[in-house]
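K.L.:
Residue numbers (the numbering used here): 1450 to 1632.
Where a beta carbon is used, it is the ideal one built from N, C-alpha and C, also for glycine.
It should be emphasised that the depicted structure is a prediction, and the values quoted were computed from it without experimental measurement.
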């Protein structure tokens, strides 16, 4: 466990906290810049430390720090309709990092990792969304309705964020490697 990795995980948790507050209210759930920094954390820090940075963010929010979108916090945010997405974010950072940490980076390879990270985020988030509605709100929902409410509106914006994270992440990893840091 290196101090460099711990500091970078904390830095990415802070960036994720800040990016959660930059929101665009389109529909019932705001669009934020979270996914950009989640994918960037996985790409720059690797699977383990990328997931740790997201876990730190989740723990900060669970303990009451207003780090989630719209300055929300607390355990209800983790079991509410968007709670599954938060855990999907952690899995996304891990998967993106795992698929890219030991490979020679190319935009197609990183793009595939980002795509798979998005799929994992959507699947875990959608399951959490449906469970929340059925068991906590008492309103069962079909897969189709859940898809159109919780995933479909985000796909175009998330694709742009993933592409930007891929571009920036490859540049950062190249700069770190050139500077002599393992990346």
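1) Starting from the Cα of residue 1488, find the closest Cα among 1614, 1620, 1621, 1623 and give me that residue.
2) So is residue 1569 buried or exposed if we call it buried at 16+ other beta carbons inside 10 Å?
3) Would you identify the three-state DSSP class for residue 1591, choosing helix, strand or coil?
4) For residue 1606, verify whether its CB is less than 6 Å away from any heavy atom of the ligand FMN.
5) Is it the case that the stretch 1580 to 1595 contacts the stretch 1544 to 1560, given that we only count it when at least three CB pairs across the two stretches are under 8 Å?
6) Excluding the five sequence neighbours on either side, which residues of its own chain have a C-beta within less than 7 Å of the C-beta of residue 1539, listed in chain order?
7) To the nearest angstrom, how far is it from the Cα of residue 1622 to the Cα of residue 1461?
8) Since residue 1496 and residue 1543 are thought to touch, with beta carbons under 8 Å apart, how far apart are those beta carbons, to the nearest angstrom?
9) Per the DSSP calculation, residue 1481 is bridged to which residue(s)?
P.N.:
In short, the structure shows the following:
1) 1614
2) buried
3) coil
4) Among the components modelled here there is no ligand, and therefore nothing to report on the ligand FMN.
5) no
6) 1500, 1503, 1504, 1507
7) 15 Å
8) 5 Å
9) 1472
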